[in-house]
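Q: So that we are looking at the same thing, I have put the structure below in structure tokens.
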Amino acid sequence: MTKIGFIGVGNMGGPMARNLVQAGHELAAFDLDEEKLNLVVQVGARRAASVADAVAGAEMVVTMLPAGGHVRAVYTGEDGVIAASAAGTLLIDSSTIDVDSARAAHAAAAAAGFEMIDAPVSGGVGGAEAGTLTFMCGGTAAAFARAKPILDIMGGNIFHAGDAGAGQVAKICNNMILGAAMIVTGEAFTLGQRLGLDAQSLFDIVKTASGQTWALTSYCPVPGPVPTSPANRDYQPGFTVEMMAKDLRLAQDAAQGAKLATPLGAAALAAYSLFEGAGNAQMDFSGIIKMLQGEG
Ligand code: NAD
Numbered sequence: 017m018t019k020i021g022f023i024g025v026g027n028m029g030g031p032m033a034r035n036l037v038q039a040g041h042e043l044a045a046f047d048l049d050e051e052k053l054n055l056v057v058q059v060g061a062r063r064a065a066s067v068a069d070a071v072a073g074a075e076m077v078v079t080m081l082p083a084g085g086h087v088r089a090v091y092t093g094e095d096g097v098i099a100a101s102a103a104g105t106l107l108i109d110s111s112t113i114d115v116d117s118a119r120a121a122h123a124a125a126a127a128a129g130f131e132m133i134d135a136p137v138s139g140g141v142g143g144a145e146a147g148t149l150t151f152m153c154g155g156t157a158a159a160f161a162r163a164k165p166i167l168d169i170m171g172g173n174i175f176h177a178g179d180a181g182a183g184q185v186a187k188i189c190n191n192m193i194l195g196a197a198m199i200v201t202g203e204a205f206t207l208g209q210r211l212g213l214d215a216q217s218l219f220d221i222v223k224t225a226s227g228q229t230w231a232l233t234s235y236c237p238v239p240g241p242v243p244t245s246p247a248n249r250d251y252q253p254g255f256t257v258e259m260m261a262k263d264l265r266l267a268q269d270a271a272q273g274a275k276l277a278t279p280l281g282a283a284a285l286a287a288y289s290l291f292e293g294a295g296n297a298q299m300d301f302s303g304i305i306k307m308l309q310g311e312g
């Protein structure tokens, strides 16, 4: 049994925290949103009154927050994670944030003598509930080894990507591939159908040909071929347009910082931003096909 402080129990953090409680760990949870906090208190977490209260006596601290600014504030603020944690506490940040903020959090943690990993996830709310998330971790091998048994409870695939910030780098690279692949898959289905090709027929062929991608086989953007894909439920998320745009923005910011052009990543961000701005922020990201078809 490990004493864990968990900060940020929203759509993802809530079910992740629940899995830790159900595995027998002692959890103190904190969130600014009382309703979200109630949901994890109901399954056995202790209600913490502040960040400092959540980390008091904890051996590990998990954060699952919206963006880099939140992580910086929660880590380095007065009575934040670094100020209030006991020596030896392992810090695990699973938020998806910019690489600079992740490295700043690592540096602040190291300066205060704490081991830390950045450990963003993929797999969505379904993966968080099922405990099958993929974790992409950055930090020392020793910190990763300490975190692994806890990550194993919340996830199915746990990767040590490299040093500080490497988990965030892996995450934004993966989602840049996914975002661009989903658009071109949508373009292909729109073109195929416009030229008279049946969607199921196109799917069956491409699935076994060189155009095969996860966007096609697991998340096909037209209704029919993949019964579990959001296209079959009018593009209810899943993974929202807003989140995809956020991750593509993080990738573009990182590319600019590295003085690197990623033209398809940039084009994907422009397309999702347009679709997001047209009132589709909460639609599943595969719904971008509607824009390609001249709708939405
Ligand atoms: P969410 O908004 O549901 O949860 C974030 C929680 O953090 C909220 O409950 C909020 O009240 C809380 N919070 C914000 N500032 C706080 C503070 N200072 N102290 C305490 N609590 C604070 O978001 P989410 O969907 O759970 O996503 C969390 C992270 O996971 C994001 O970085 C997101 O990009 C990433 N992510 C989300 C998904 C997904 O499908 N939802 C998938 C992969 C990764």
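This note's numbering puts the last residue of the sequence shown at 312; the count rises by one with no breaks. No residue lacks a Cβ here, since even glycine has one placed at the ideal position from N, Cα and C.
So for residue 106, helix, strand or coil by DSSP?
A: Numbered from 1 along the sequence shown, position 90 holds the residue referred to as residue 106. Residue 106 falls in the strand class under three-state DSSP.
Q: Less than 9 angstroms separating the beta-carbons of residue 358 and residue 204?
A: The structure shown does not extend to residue 358, since the chain spans only 17 to 312, so no value can be given for it.
Q: Cβ of residue 83 versus every heavy atom of the ligand NAD: is any distance shorter than 8 angstroms?
A: Here residue 83 refers to the residue found at position 67 of the sequence shown. Indeed, a heavy atom of the ligand NAD lies less than 8 angstroms from the Cβ.
Q: Is the distance from the Cβ of residue 18 to the Cβ of residue 76 below 9 angstroms?
A: Position 2 of the sequence shown, counted from the start, is the residue given in the question as residue 18. Position 60 of the sequence shown, counted from the start, is the residue given in the question as residue 76. Yes, Cβ-Cβ distance for residue 18 and residue 76 is below 9 angstroms.
Q: Who are the Cβ neighbours of residue 281 in its own chain at under 7 angstroms, not counting the five residues just before and after it?
A: Numbered from 1 along the sequence shown, position 265 holds the residue referred to as residue 281. Contacts found: 192, 196, 264, 267, 268 and 271.
Q: May I ask you to list the residues that DSSP assigns as paired with residue 176?
A: Numbered from 1 along the sequence shown, position 160 holds the residue referred to as residue 176. Paired residue(s): 153.
Q: Is the stretch 279-295 touching the stretch 216-236, taking contact as three or more C-beta pairs under 8 angstroms?
A: Not touching, per the Cβ criterion.
Q: Let's test the definition: count the other Cβ atoms within 10 Å of the Cβ of residue 31 and tell me whether it reaches 16, buried, or not, exposed.
A: The residue you call residue 31 lines up with position 15 of the sequence shown. Result: buried.
Q: Considering only heavy atoms of the ligand NAD, does any lie closer than 8 angstroms to the CB of residue 269?
A: Position 253 of the sequence shown, counted from the first residue, corresponds to residue 269. No.
Q: Rounded to the nearest angstrom, what separates residue 311 and residue 305 at their Cα positions?
A: Taking the sequence shown and counting its residues from 1, the one referred to as residue 311 is at position 295. Taking the sequence shown and counting its residues from 1, the one referred to as residue 305 is at position 289. If I take the Cα positions, the gap works out to 8 angstroms.
Q: Roughly how many angstroms separate the alpha carbons of residue 206 and residue 171, rounded to a whole number?
A: For the purposes of this step, residue 206 is taken as residue 190 along the sequence shown, with counting starting at 1. For the purposes of this step, residue 171 is taken as residue 155 along the sequence shown, with counting starting at 1. Those two C-alpha atoms are separated by around 35 angstroms.
Q: Is residue 139 buried or exposed, if buried means 16 or more other CB atoms sit within 10 Å of its CB?
A: If you number the sequence shown from 1, residue 139 lands on position 123. When all chains shown are included, residue 139 counts as buried.
Q: Between which two residues does the alpha helix (DSSP H) harbouring residue 19 extend?
A: The residue you call residue 19 lines up with position 3 of the sequence shown. Careful: residue 19 lies outside any alpha helix (DSSP H), inside the beta strand (DSSP E) at 19-23.
Q: Mind checking residue 262: buried by the 16 CB within 10 Å criterion, or exposed?
A: Stepping through the sequence shown from its first residue, residue 262 is reached at position 246. Per the 10 Å Cβ criterion, buried.
Q: Report buried or exposed for residue 131, applying the criterion of at least 16 other Cβ atoms within 10 angstroms of its Cβ.
A: Here residue 131 is taken as the residue at index 115 of the sequence shown, counted from 1. It is buried - the Cβ of residue 131 has at least 16 other Cβ atoms within 10 Å.
Q: Give a yes or no on whether the C-beta atoms belonging to residue 89 and residue 71 are separated by under 9 angstroms.
A: For the purposes of this step, residue 89 is taken as residue 73 along the sequence shown, with counting starting at 1. For the purposes of this step, residue 71 is taken as residue 55 along the sequence shown, with counting starting at 1. No, Cβ-Cβ distance for residue 89 and residue 71 is not below 9 angstroms.
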